[in-house]
Each structure stands twice: as structure tokens, then as C-alpha cells.
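In this note's numbering, the protein residues as written are 30 to 414.
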């Protein structure tokens with residue numbers, strides 16, 4: 030029985046806690062699995078923030094040319110190893126908007142180093158949505174509009190400093206993200222295709238096929254990873270274009286990463302193939318391929334997604350290590366590993382510390398992928414507390 034009191038609905042029936050709890054559980058049980066995973070993933074704040082950050086990083090990749098004020102290989106011969114410049118808003122108490130103080134350079138003949146000092150009496154305002162170095166949006170659409178540019182005068186602007194050739198480190202880090210972040214996606218695609226195929230075949234069919242695939246996996250996993258990377262990368266002809274080297278490095282990383290995934294898929298399939306729904310599908314005449322695609326893989330897909338987010342950082346670090354050692358991507362290609370290759374001299378880093386800044390995006394992106402993977406892994410079973 031219910032009644033209205035002061036325009037509010039009031040139910041005078043006794044409260045049944047057990048019925049309310051059953052209704053809540055019924056609602057959760059009826060919800061699709063992805064909704065339950067999303068509900069639990071939202072509670073993992075670090076994983077959620079990492080996912081948003083990585084999504085932003087990948088969405089901005091086609092528009093790097095718009096954000097970067099310079100091209101990846103634009104040089105300024107008069108500003109070698111120029112230190113980072115601060116963007117300021119107020120000059121002598123007066124608001125001017127975003128501006129910089131020009132850097133004057135002078136060669137020190139005693140130390141044989143460039144010495145820079147800001148001209149504090151000559152503030153120069155930055156330009157926004159201005160014309161600059163030409164680029165292509167998503168590698169297809171020509172454009173020359175940039176988010177911000179140096180002042181109209183011939184004054185360079187290096188937000189994070191310049192390198193030994195006078196190239197803007199900030200712009201090169203942005204362009205380097207296009208290769209360093211993409212190599213992980215290509216590598217993980219190759220790894221997943223091979224790992225899922227061989228793992229599914231070994232786990233579902235078993236017998237001699239399982240034995241052969243397991244021996245191949247054991248041989249590949251017994252090989253030392255870094256020396257094998259170096260050997261395969263050194264076999265890439267030096268006269269190949271940067272694009273060709275990029276794809277070869279991506280494929281090499283994928284070819285060496287699939288055995289671990291194949292063993293996980295095999296172990297899962299060995300347990301799932303005895304389930305009643307799999308036997309029922311086989312008795313109804315479903316082919317082996319259909320059973321694997323429609324019944325086995327969907328029950329394992331959540332784990333595969335989590336594995337992918339944890340494997341991509343390994344691919345990024347692999348490319349960085351090879352390029353750092355001079356066996357991966359090479360100039361004029363721009364990646365974070367190529368940039369770190371220019372910062373191998375510790376004495377040089379001690380003097381020009383900003384040349385080591387490319388390490389920061391590598392650390393941040395790898396941590397973000399690990400946090401995202403942890404969040405997804407904890408959310409895969411939404412019924413488990």
C-alpha cells in the first residue's frame with residue numbers, strides 16, 4: 030500500500046532487504062559482460078587515467094605537424110645546444126600574453142662551448158595558428174598551419190632546447206612519437222596473429238601438433254632475446270629507406286614475442302575444450318575453426334586484451350634499445366630511440382642536460398601502458414571482488 034504525502038511518494042509496505050538484494054544481483058547478472066568490466070575498471074583510477082592519456086596520445090598522432098612548431102629535421106646552425114626557453118606572461122609587471130626572451134649565443138673559445146643568455150629587455154610574443162614548416166596531416170593532406178610559432182622576427186623558439194645540430198627537441202619528440210608508438214601496435218599485431226593461431230591449434234587439437242609447436246616455442250624462448258634482436262637488426266641492409274626499416278623492425282619484434290602468448294592461449298584452450306558447450310557445438314556439427322572462433326576465443330578475449338596492453342611497452346622499449354644502439358631506425362627517421370642515440374655521451378648530457386629529455390616520454394608511456402594493463406587485468410572478472 031502506498032500514499033502521497035507532501036507531493037512525495039511514500040511506500041508504507043515493510044522493507045524487504047533480501048528482495049532488494051536479489052533484485053540488485055539479478056540486474057548485475059543480466060548486464061552484458063562489457064558493462065560489468067567497465068563498472069569495475071572505472072574504480073581503478075590510475076588505470077582509467079592512463080587509458081585516457083594513451084587514447085589522447087594516439088588520437089593526436091595524425092596531427093603532430095600542427096602541434097609541433099618546427100619540422101623534425103629543421104636546423105638552426107646559430108643555436109646549437111640552445112637551452113630550454115620559458116614561456117612567460119608578464120614583463121615588468123605588465124601582461125603581454127605568451128612571450129619569450131630571445132637567446133643570444135656566443136662561442137666560448139676557452140671551453141669551446143656555446144654560451145646562451147636571455148635578452149631580458151626584448152620580450153617577443155609568440156604567434157598562434159600561424160604559417161610555418163609544411164607537413165601532412167595523417168601523412169596525406171598537405172598543410173602549413175601550426176598551433177604556435179616563434180615570433181615574427183628571426184628569433185628561434187626552443188621550448189625544450191635544441192640538440193647538437195640546432196634542431197628543436199620538442200618538435201622531434203612529437204614526431205618521434207609517431208614511430209615509437211606505432212611500432213608497438215604493428216609488432217603486437219604480428220605477435221597476436223602468430224600467438225593466437227599456433228596456441229589455438231596446439232591447445233585444441235593436441236597430439237603430435239601440440240608436441241611440435243611446443244618444441245618450437247621452447248627453442249625460441251631459450252634464445253637470448255637481446256643478442257637475437259641485434260643479429261636480426263644488423264641483417265637489415267643499410268641502404269633501405271627509413272620506412273622499410275621501420276616495418277622490418279616492427280615485424281622482428283612481433284616475431285620474437287609470440288611464443289609467450291602462444292603458451293598462454295594453449296593452456297587456456299586445453300582447459301576450455303573439455304567444457305560442455307564446446308562438446309555440444311562439436312556434436313551439432315560445428316567445424317574446428319568455428320568452435321575456436323565462436324566459442325573458445327571469446328571466452329579468452331578479455332585476457333588477450335590485457336596481455337596486449339602489457340606487451341606493447343615491451344615493443345616500444347625494444348625499438349628504443351635497437352635505435353639507441355644504432356641497429357634500429359636510423360636518421361633521417363625520427364623516433365625516441367634515434368634521439369637517445371644522439372645522447373650517448375654522458376659528459377655531453379652533464380653539460381647539456383636537456384638532450385636527455387627524450388627519456389621522459391618513454392618512461393611515461395611505458396608506465397601508462399603498465400597501469401592500464403593492471404586495471405584491465407583486475408577488471409576482467411567483474412564478479413570477483
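Glycine included, each C-beta is placed from N, C-alpha and C at the ideal position.
Since we're looking at a predicted model, the values are computed, not measured.
Query, Result
"Between 358, 270, 282, 72, which has its C-alpha nearest residue 257's C-alpha?", "282"
"Kindly indicate which residue of 309, 380, 395 has the alpha-carbon position closest to the one of residue 346.", "395"
"Thinking just about the alpha-carbon of each residue, which of 296, 294, 295, 325 is nearest to the one in residue 309?", "325"
"What are the boundary residues of the alpha helix (DSSP H) that residue 161 is part of?", "From DSSP, residue 161 is part of no alpha helix (DSSP H) but of the beta strand (DSSP E) over 156-166."
"Helix, strand or coil for residue 98 per DSSP?", "coil"
"Need the endpoints of the alpha helix (DSSP H) that residue 143 sits in, please.", "Segment 142-147 is the beta strand (DSSP E) holding residue 143; no alpha helix (DSSP H) there."
"Where does residue 151 sit, in a helix, a strand or coil, going by DSSP?", "coil"
"Can you tell me which of 207, 91, 277, 102 puts its alpha carbon nearest to the alpha carbon of residue 24?", "Limits of the chain in this structure are 30 at one end and 414 at the other, which puts residue 24 out of reach."
"With a threshold of 16 other CB atoms inside 10 Å of the CB of residue 365, please say whether the residue is buried or exposed.", "buried"
"Can residue 231 and residue 322 be called in contact, C-beta distance under 7 Å?", "no"
"Could you round the C-beta distance between residue 158 and residue 111 to whole angstroms and report it? I think they count as a contact, below 8 Å.", "That belief does not hold up - the Cβ atoms of residue 158 and residue 111 are roughly 25 Å apart, past 8 Å."
"Look up residue 108 in the DSSP assignment and say whether it is helix, strand or coil.", "coil"
"With three or more C-beta pairs closer than 8 Å as the rule, is the region 172-182 touching the region 147-158?", "yes"
"Would you say the region 326-345 touches the region 286-302, given that touching needs at least three Cβ pairs under 8 Å?", "yes"
"Given that a residue counts as buried once 16 or more other Cβ atoms are within 10 Å of its Cβ, and exposed if not, what is residue 297?", "buried"
"Where are the alpha helix (DSSP H) runs, 4 residues long or more, that stay fully inside the region 329-383, in chain order?", "330-353, 365-370, 375-380"
"Assuming residue 367 contacts residue 375 (C-beta within less than 8 Å), just tell me the rounded distance between them.", "That belief does not hold up - the Cβ atoms of residue 367 and residue 375 are roughly 18 Å apart, past 8 Å."
"Could you name the residues of the same chain whose beta carbon sits closer than 7 Å to that of residue 143, not counting the 5 residues immediately before and after it, in chain order?", "109, 110, 134, 136"
"Mapping the DSSP letters down to three states, classify residue 179 as helix, strand or coil.", "coil"
"What are the uninterrupted segments assigned as alpha helix (DSSP H) that are 4 or more residues long and contained completely in the region 162-246, given in chain order?", "198-234"
"Buried or exposed for residue 115, please, with buried defined as at least 16 other CB atoms from any protein chain shown within 10 angstroms of its CB.", "exposed"
"Tell me the residue span of the beta strand (DSSP E) that contains residue 137.", "132-137"
"If you drop the 5 nearest sequence neighbours on each side, which residues of the same chain put their C-beta closer than 8 Å to that of residue 299?", "232, 235"
"Is residue 209 near residue 99, with beta carbons less than 7 Å apart?", "no"
"According to DSSP, simplified to helix, strand and coil, what is residue 73?", "coil"
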